[in-house]
Every structure is written in C-alpha cells, then in structure tokens.
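In my numbering, the protein residues as written are 9 to 459. Every residue, glycine too, gets a C-beta built ideally from N, C-alpha and C. Working notes, beginning with the structure itself.
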Ligand code: SF4
C-alpha cells in the first residue's frame, strides 16, 4: 500500500465547504450532522471564506433579530465567497431569503439534511476517495471535545402562542431510544465528559413513537424520558437535561438525580408565573401546583439546580400579573434565570392579542425582574461558599482555570473561576473548594485534579 503522502500527491484536492452556524444549540447539532455527513463523503471543512469552494449558512429564524442576523450572515457569505447554500429555520421561508439575496445557490428548510447534501452535490460534486471517507465513529463535533449536545427529537406538538417553531420544524419526531443511547455511548467512548440533552420538548420524548421499546447493552428501554435518563445514567459521565416541561412524570427523574446518575439540573422554560398570562401563552405542562412540585423536588434532591427562561411584557401583561411573576420567583427560588422582553414574531398567534405592552414598560419590568433574579442567584451561590465541589474544566486564562459546576450549562449559566488552576487539564474533572461568589459565578481553589 502506498504511503499517505504519495496518495495525497496523487489525488485532487478535496472539495471544501465553509460553514456558518447561527442560532441555538439545536441548530448547532444540525450543523454537526451536516458536517459529519459531508466529511464522510470526502469534503473538507474550510476555516475561512477564501478557502471554501462553497459556503453553507445554517440560519435561525426564531425572533426578528435572529432573522436579521441570518440575512446579514448570508449577505456576508455572498460578498466574501459568492457561492452560498442556505439551510436551517429561516430556510422554511425561502421567499424572505430570495427577496434579499436572489443569488444564493439554494435554500433548504430546517432538519432537511438530505436536501442540504443534495444542494451541495449539485453545485460541488463529491470526490470519491476512500481515504477521505475515514471518519471518527462519533462524528464531527463543533463543541469542545469534552462536551457534546445530544439531540433526541425534532419538532414540537405544542402551540405556544409566541412561537412559530412547530410551523417551521413540524410535529414531534423522536429518535428511537437505542439510536440515541448508541450515539451517547460513542460520544462517551470518544472522551466526552458531559452530554447536554436537547430537543424542543424533552419531557415529551417518545410520545410520537408510542414509547417504542428497543434493546441497548442487553437491556430493554422504552423511547421515553425516564428510560432515556436511566440509560444515559449508565455512562458514568455528566448528563444535563434541557427543555424539560413540568409534566408529572418529570418527578420520576429526580430520584436518578438524587442518586447521582444524572446531573441534578433541570432546565425548565417556565416563561411566566401568572396563570392568566400562561394561559394566553398557551404553555404546556402547567399545573396549579408547580411551586409545590418544585419544593418536593428540592426536598428529595437538595442539590437540584433549576434553570429557566421568562418573557416579560407579554401582550396584556398587567402590573398585577407582573407582580405575580415576581412573587412566584421569590417562592420558586430558581438558581439560574434568563429573561426576554416580548417581541412579536412574524406568524405567531400572540401578535393578535390585545394590549401590547409599551417598550418602556417592558424595559422597566425586565430590569426589576433581573434585579430580583440576581438577588436570588447571589444568595443561593453564597450558600455554597466553603463547600467542595466537582467541576469540569473548560479553559485556562492566565493563572485561572474556567470551569463549570453541576449548576452551570455551557454558554448560558455562570462559571467557576479557579484561582490557582492553570495546571488543570482542560476537559477533565477537578475537585475544588468554593471560596467566594458573586451574582452568577463562583470562585474557588484547586483541591485536586481528577483523572
Ligand atoms: S414548547 Fe412552545 S415554545 Fe417550545 S418549541 Fe414548542 S411551541 Fe415553541
């Protein structure tokens, strides 16, 4: 067999694809899938516009500012490269893209891997070389090597009035449990220390497949939320659950958290605390006793971190409904909170609701809400000073290691700054002692590196 160098000299350079990925972690997972497939077919991924034969822009179209950002990114790719294929959420509205950028080579919609690949094949045929087809079995990831997003389903069966994702991405379509667990296992075997489970509605996982059963590692699992958590808990790595709705069956997973099988972390987008606003939002999974359930979860698993997002200034929100939200937050004592001021999304039914809230009032409520949330977060972090905790090291900045605790999802939550952590290996766990806290971050010193 000839050496690799002589093979390289003999063959044509690989066709190169540049990739611009916008939007949420779910879009990032789509990008990873597309890149994995392209690499499998012999394409190389170009690090810059100039070195790319063609550029794919994976767009977001969730809110109007994301639409603008996506249209700008397409414009930049056209200016810098000229050969552009558009995919992702905004691809569901090709007329909007073509009106502004009529020279794009193709537009494909969200979750349409085949269509994107066909568009690439049509404009940049693949090179057939078996040596380029070698691909790590875990695929190509855009996230750092030590954590990875695990997408378990596409689409959503809910009809929240402010959201157009179901009309863009379709109804819930779950991946079977064995497929998801095999992918998770491959990622763990490849060195991933933390899996972030994502979907539009993680707690509805498997409903569309009628909870179809399948075998993995000699045991039978159903395609459902609890079995997913049980299976992932077998891998011995961090498992973080995102986009969970407070359906009653979520209670069952708290036991796995208390036992240390999955991280004691729930990302539940509550969106509001007033029942009347929630009704106008048409939110799923709402029960009268959400607060009672939060208290019960914490009694069973005191380490539980609850993260959430909220919308203030939703159409018709009165001062007293907003006050209900603040009172709800005080009682729920959520650890991690993000907040958006309501902004209309083209095509959402909430646009037709009466009494839109003036921007100045939205801003004032946003500030009051964030001040309250920061106070709660600070108090909860203060309570952790003096304790020792396991963290996962993400990066080193000078003498400081930037790590995350059980309470911190990448990008969206706080971090743990380890003062003497420069020698800690990135991507490994460490035990640290918490020495200080501010509103969102913890400060620590190293106790020991772990593995
Ligand atoms: S649960 Fe609601 S907000 Fe989330 S994707 Fe479905 S419709 Fe949109």
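I'd like to check one pair, residue j with residue i: are the Cβ atoms closer than 8 Å?
i           : j           : result
residue 224 : residue 214 : no
residue 35  : residue 96  : yes
residue 204 : residue 155 : yes
residue 46  : residue 128 : yes
residue 305 : residue 299 : no
residue 442 : residue 395 : yes
residue 399 : residue 424 : yes
residue 82  : residue 105 : yes
residue 264 : residue 188 : no
residue 439 : residue 458 : yes
residue 258 : residue 211 : yes
residue 77  : residue 57  : no
residue 343 : residue 415 : yes
residue 64  : residue 25  : yes
residue 340 : residue 308 : no
residue 444 : residue 393 : yes
residue 85  : residue 124 : no
residue 270 : residue 241 : yes
residue 282 : residue 332 : yes
residue 171 : residue 356 : yes
residue 249 : residue 274 : yes
residue 101 : residue 435 : no
Are there any heavy atoms of the ligand SF4 lying less than 7 Å away from the beta-carbon of residue i, as far as the coordinates show?
i           : result
residue 167 : yes
residue 152 : no
residue 171 : yes
residue 164 : yes
residue 209 : yes
residue 174 : yes
residue 33  : no
residue 23  : no
residue 55  : no
residue 292 : yes
Let me confirm a value: residue i is counted as buried when at least 16 other C-beta atoms fall within 10 Å, else exposed. Which label applies?
i           : result
residue 66  : buried
residue 279 : buried
residue 373 : buried
residue 366 : exposed
residue 412 : buried
residue 370 : buried
residue 159 : buried
residue 417 : buried
residue 256 : exposed
residue 272 : buried
residue 430 : exposed
residue 397 : buried
residue 73  : exposed
residue 452 : buried
residue 118 : buried
residue 228 : exposed
residue 99  : buried
residue 111 : exposed
residue 368 : exposed
residue 354 : exposed
residue 406 : exposed
residue 383 : exposed
residue 456 : exposed
residue 108 : exposed
Between residue i and the rest of its own chain, which residues show a CB-CB distance below 8 Å, the 5 nearest in sequence each way excluded?
i           : result
residue 209 : 161, 164, 165, 166, 180, 251, 253, 292
residue 245 : 196, 200, 201, 202, 203
residue 220 : 184, 185, 214, 230, 231
residue 380 : 334, 337, 338
residue 11  : The pLDDT assigned to residue 11 is 33, lower than 50, so where the model puts this residue is not dependable, and the model offers no usable value.
Given residue i, which residues of its chain have a CB within under 7 Å of its CB, disregarding the five upstream and five downstream residues?
i           : result
residue 448 : 385, 422
residue 243 : 192, 193, 196
residue 290 : 167, 168, 169
residue 276 : 252, 253, 254, 314, 316
residue 149 : 40, 156
residue 454 : 426, 428, 429, 432, 438, 440
Between which residues of its own chain and residue i is the CB-CB distance below 6 Å, once the five residues before and five after are set aside?
i           : result
residue 377 : 320, 347
residue 17  : Confidence at residue 17 is low in this model, with a pLDDT of 36, below 50, so the placement of that residue is unreliable and no value is reported for it.
residue 52  : 22, 24
Taking only heavy atoms of the ligand GTP into account, decide whether any of them is closer than 7 Å to the Cβ of residue i.
i           : result
residue 128 : Summarising the ligand content, the structure contains the ligand SF4 and does not contain the ligand GTP.
So, does the segment 180-199 touch the segment 362-380, judging by three or more C-beta pairs under 8 Å? no
Does the segment 319-327 come close enough to the segment 28-43 to have 3 or more Cβ pairs within less than 8 Å? no
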